[in-house]
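For the sequence shown, my numbering gives the first residue as 3, with consecutive numbering after it. Yeah, the Cβ is synthetic: ideal placement off N, Cα and C, and Gly gets one too. Here is the structure we will look at, set down as structure tokens.
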Amino acid sequence: MRIYKRLGELLLERGLITPGALQQAVSIQQKVGKPLGEVLVGMGMISWEDIYAALSDQYGIELMEESPNLIPTELLKMIPKSVAERLKVIPVEYLPEEDTLVVITTDVLKVPQIQKEISFLTGHKVKVYLITPPLFDNLFHSSYEETTSSEMIEHTFEAEEEDLMEEETEEGVEDTPVVKFINSVLDNAIRSDASDIHLEPYEKLAVTRFRIDGVLRKILTYPKKAHNSVVSRIKVMCGLDISERRLPQDGKFFLKRSGGEQYDFRVSTMPTVHGEKIVMRILKVSNAKKQLNELGLSDYNFNRFERLLKAPHGIILISGPTGSGKSTTLVGVLNEVTSEKVNVVTAEDPVEYTIDGVTQCQVNSEIGLTFARYLRSFLRQDPDIIMVGEIRDRETAQLAIEASLTGHLVFSTIHTNSAAGAVSRLINMGVDAYLLGASLIGVVGQRLVRKLCSNCKVKIPLRDEGVKVARKLFPDRNEFFEFVSGSGCTECRGTGYKGRTAIHEVLIVDDNMRKLIVRNASDFEIEKSARETGMITLYEDGILKVVEGITSVEEVNRVAFEV
3 MRIYKRLGEL LLERGLITPG ALQQAVSIQQ KVGKPLGEVL VGMGMISWED IYAALSDQYG
63 IELMEESPNL IPTELLKMIP KSVAERLKVI PVEYLPEEDT LVVITTDVLK VPQIQKEISF
123 LTGHKVKVYL ITPPLFDNLF HSSYEETTSS EMIEHTFEAE EEDLMEEETE EGVEDTPVVK
183 FINSVLDNAI RSDASDIHLE PYEKLAVTRF RIDGVLRKIL TYPKKAHNSV VSRIKVMCGL
243 DISERRLPQD GKFFLKRSGG EQYDFRVSTM PTVHGEKIVM RILKVSNAKK QLNELGLSDY
303 NFNRFERLLK APHGIILISG PTGSGKSTTL VGVLNEVTSE KVNVVTAEDP VEYTIDGVTQ
363 CQVNSEIGLT FARYLRSFLR QDPDIIMVGE IRDRETAQLA IEASLTGHLV FSTIHTNSAA
423 GAVSRLINMG VDAYLLGASL IGVVGQRLVR KLCSNCKVKI PLRDEGVKVA RKLFPDRNEF
483 FEFVSGSGCT ECRGTGYKGR TAIHEVLIVD DNMRKLIVRN ASDFEIEKSA RETGMITLYE
543 DGILKVVEGI TSVEEVNRVA FEV
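Here it is, written out as structure tokens:
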């Protein structure tokens, strides 16, 4: 007869904890009434992976180290949510050739009961795997709790597609299945801190995905026949033409939630071969209050950026690809420079955040109201500071430079891979090099990186690839550490990351660089000159945040590279 050891004895035997640590954990356990494993992990004595590897070996039950990203609804229906909660079990796969249902659990002592009950319930053989609690909790939430809306819409929609569309266009219809579904999706996205919602039609079904911390995640699927009704309802919310399905449309609406927080939704529709795809950008109105010191700038870069903002005139550019947080940085800049003593005007496409004390103008290219047209008008409005949402063409660039040369401080964004690349990009647009050299005072390059979850990140010695850069940034230190993504927990939904921050490079144009710009020097020469005069590159700023425990080397490598 096999004798099974209790968890504390098992961990002691494997050398994973010391007797003193066990005694301390047992003492705490008696006070808080939590399981011993949870107490040990909370104290930082051991990881869930080590605990479950030991349990797996003792009980002979395989450990599933990575949970699946998405479980089909058909599989979840095999085990009702009430049963799954009681037994702490989730179905993850069905093997038809073996007539076996694969399930996962965190409770090793319930395995015989799980096999017996699930086999009786489903009529299939059952194979049980162990999984760590953080991975289980995250998967249970994304599987059972977030599919409630999908199940509701699937069971309720039985009417014809055309009838559904007509139903949704009637005013005052607030309790229909489509309305409930959309409200559920919007609330879920807000709770998840998603930046975008994607509603995508395919041949047999439609898919909802959220972009969370810069990464798209599949949330749920719903019947294809309901998609047109969903699209129509969202169009009604935006005041768009529901009869036009052949052309893209843009619109917006807003929601207010508890606490008075308002969320603006910027909506884009696009026709595809299977129907209209909808993408909704979520903008938190309170973000319009963000200050420059809340944007993740290191102390060194913050001081350099502030020097630029004190200039009486000139042009300052924020550079980076789409989705790198340029607009949010401009919000922080405008909040920094706005006061009752200055006239600040902006031309934006579209206006994302409403900023107090700033005159904001919406570009409308369909009627010829472009960035360039606004710039001409701005110069007759007695401005002190001008913000142009984006420099896209020669005319806009030329006018922005001319405005900066006539005594105005001009801010704008430009799509380039580095701060130095902004110079060649403008010259390639057709801007005269001598005018650019005379007007440009600085370029701020930036990227967004995910922040490590403070609850489950793990500390290790800094790996070789970052040590050289770290020694340059911290010459007085001999030893460097970094944090890496942990196994995931309920706070970060099993990803190891929660939230985002920015890494920056602040290029300040001095006399030597003006000479380089005028003679049309290469990006390499301009960057070399900037580094010689104190610019920290994106990669170096990333390693700085790695050493500070904010992000990981993998995240920095994803968006930047060592020059």
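- Counting along the chain, His506 sits inside the beta strand (DSSP E) bounded by residues 499-510.
- In chain order, Trp50, Thr108 place their CB closer than 7 Å to the CB of Pro135, counting only its own chain and leaving out the 5 sequence neighbours on each side.
- Taking C-beta atoms as the reference points, Lys220 and Arg211 count as a pair closer than 8 Å.
- Annotation for Lys312: no alpha helix (DSSP H) segment contains it, and DSSP assigns it neither H nor E.
- The DSSP assignment places no complete run of the beta strand (DSSP E) inside the stretch 510-539 (cut-off: 3 residues).
- Here DSSP, grouped into helix, strand and coil, assigns Ala472 to helix.
- For Glu263, there is no enclosing beta strand (DSSP E), as DSSP marks it with neither H nor E.
- For Glu99, the three-state secondary structure derived from DSSP is coil.
- Residue state for Ser414 is assigned as strand, using DSSP reduced to three classes.
- Met272 counts as exposed, since fewer than 16 other C-beta atoms from the protein chains shown sit within 10 angstroms of its C-beta.
- Nearest Cα to Gly334 within the set Asn295, Phe563, Asn345, Leu437: Asn295.
- The beta carbons of Val339 and Val346 sit closer together than 8 Å.
- In the DSSP assignment, Gln400 forms no beta bridge with any residue.
- Along the length of the stretch 346-404, whole beta strand (DSSP E) runs at least 3 residues long occupy 346-350, 361-364, 387-390, reported in chain order.
- About 5 Å separates the beta carbons of Thr223 and Leu207, which is inside the 8 Å limit, making them a contact pair.
- For the 8 Å CB-CB criterion, Val287 and Ser270 do not form a contact.
- In the DSSP assignment, Gly325 falls outside any beta strand (DSSP E), carrying neither H nor E.
- The C-alpha of Leu518 is placed about 49 Å away from the C-alpha of Glu493.
- Of Arg449, Thr553, Glu392, the smallest CA-CA separation from Leu464 is found for Thr553.
- Judged by DSSP in its simplified three-state form, Ala208 adopts strand.
- Taking a C-beta distance under 8 Å as the contact criterion, Met66 and Tyr131 qualify as a contact pair.
- Around the beta-carbon of Asp266, 16 or more other beta-carbon atoms lie within 10 Å, marking it buried.
- Contact fails between the stretch 358-370 and the stretch 314-334, because fewer than three Cβ pairs, one in each stretch, are under 8 Å apart.
- With respect to Leu381, His315 sits apart: the two C-beta atoms are not nearer than 8 Å.
- Around the Cβ of Tyr541, a 10 Å sphere holds 16 or more other Cβ atoms; the residue is buried.
- Ranked by Cα distance from Ser58, the options Lys33, Lys7, Glu100, Glu76 are led by Lys7.
- Cβ-Cβ separation between Gly10 and Leu38: approximately 6 Å, consistent with a contact (criterion under 8 Å).
- Between Leu377 and Ala405, the CB-CB gap stays under 8 Å.
- Contact between the stretch 472-489 and the stretch 110-121 is absent, with fewer than three C-beta pairs closer than 8 Å.
- Within its own chain, the residues whose Cβ lies closer than 6 Å to the Cβ of Asp252, once the five positions on either side in sequence are excluded, are Ser270, listed in chain order.
- DSSP links His200 through a beta bridge to Arg211, Val281.
- Nearest to Lys459 by alpha-carbon distance, out of Pro93, Val446, Ile443, Glu484, is Glu484.
- Note that the C-beta distance between Leu428 and Ala399 is below 8 Å.
- Judged by DSSP in its simplified three-state form, Tyr6 adopts coil rather than helix or strand.
- For Glu484, the uninterrupted beta strand (DSSP E) run begins and ends at 483-486, by DSSP.
- Residue range 127-132 is occupied by the beta strand (DSSP E) that includes Tyr131.
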